[in-house]
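Input: a single structure, listed below in structure tokens.
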Amino acid sequence: MTSPMRIEITAVAQVVAGHKDPSHGYQGGVVSIIRMNEDFPLETLQGLPEFSHLEILWHFHRASPADVVLHARSPRGNPAWPPTGTFVHRNHRRPNQLGTTHPQLLRVDGRDLHVTYCDAVVGTPIFDVSPYFPVMGPQGEVHVPEWVDEMLGDYWDVPPVKQ
2 MTSPMRIEIT AVAQVVAGHK DPSHGYQGGV VSIIRMNEDF PLETLQGLPE FSHLEILWHF
62 HRASPADVVL HARSPRGNPA WPPTGTFVHR NHRRPNQLGT THPQLLRVDG RDLHVTYCDA
122 VVGTPIFDVS PYFPVMGPQG EVHVPEWVDE MLGDYWDVPP VKQ
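Just so you know, we're using this note's numbering here: the sequence shown kicks off at 2 and counts up by one.
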């Protein structure tokens, strides 16, 4: 086996408003703001408002390298769901602790991207922002195991009102 390639990347933006705590569900109903770094001229965002959705690459910045798990385990520790390998999970226990999300772009205000359906929390470093092109999305029929829909059925729901 060859040595893994190492790269160094710098965040291009940061989540400055939105969800404050990670959650397994009820991520809907919140407007988040992704603020682009001042290092980039505003013209780097020219044309972005014409798109409805973005593709965001981000880092699970609250995670520790000690959180990485390199073996099969049941999602969320639920024994009703089959053990699956590290690269089947979409959480912070991955080797590089990177996540992706596809938020809806509401508007661009200077360096601020106002989005919804973004599950990165305030303080999250953003490593890449690009518009979502449906033609470059999944091709062919998309299917997932039944446990995925069971686990994430309420993910984008609005949080229940606390009484």
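Glycine included, each C-beta is placed from N, C-alpha and C at the ideal position.
In this text, all values refer to a predicted model and were calculated from it rather than measured experimentally.
Quick test of your reading: His-60 and Gln-98, contact by CB under 8 Å. State the CB separation rounded to the nearest angstrom. Taking the sequence shown and counting its residues from 1, the one referred to as residue 60 is at position 59. Taking the sequence shown and counting its residues from 1, the one referred to as residue 98 is at position 97. That belief holds up - the Cβ atoms of His-60 and Gln-98 are roughly 6 Å apart, short of 8 Å.
If you count every other CB in all the chains shown that lies within 10 Å of the CB of Gln-28, and 16 or more means buried, which is it? Reading the sequence shown from its first residue, position 27 is the one you call residue 28. Buried is the label assigned to Gln-28, since at least 16 other Cβ atoms lie within 10 Å of its Cβ.
Three-state class that DSSP yields for Leu-71 in the structure shown: Residue mapping note: residue 71 aligns to position 70 of the sequence shown, counting from 1. Leu-71 sits in coil when the DSSP states are folded into three classes, being neither helix nor strand.
From which residue to which residue does the alpha helix (DSSP H) around Met-152 run? As a first step, residue 152 must be located in the sequence shown, where it is residue number 151. Run containing Met-152: 147 to 153, per the alpha helix (DSSP H) assignment.
Using only alpha-carbon positions, find the residue among Phe-128, Ser-4 and Pro-23 that is nearest to Pro-160. One-based indexing of the sequence shown puts residue 160 at position 159. The residue with the shortest Cα to Cα distance from Pro-160 is Pro-23.
State buried or exposed for Gly-30, treating a residue as buried only when at least 16 other CB atoms are found within 10 Å of its CB. Translated into positions along the sequence shown, residue 30 becomes position 29. Exposed, by the Cβ-count rule.
Tell me which residue opens and which closes the beta strand (DSSP E) that Thr-3 is part of. Walking along the sequence shown from the start, residue 3 turns up at place 2. First-last for Thr-3: undefined, no H or E at that position.
Count the other C-beta atoms from every protein chain shown that fall within 10 angstroms of the C-beta of Ser-4, then say buried if there are 16 or more, exposed otherwise. The residue labelled residue 4 in the question sits at position 3 within the sequence shown. By the neighbour-count rule (16 or more Cβ atoms within 10 Å), Ser-4 is not buried but exposed.
Meets three-Cβ-pair contact criterion under 8 Å: the stretch 144 to 158 and the stretch 76 to 93: Yes: at least three Cβ pairs fall under 8 Å.
Out of curiosity, what's the CA-to-CA distance linking Trp-157 and Thr-117? Working through the sequence shown from its first residue, we reach residue 157 at position 156. Working through the sequence shown from its first residue, we reach residue 117 at position 116. Distance between the alpha carbons of Trp-157 and Thr-117 is about 10 Å.
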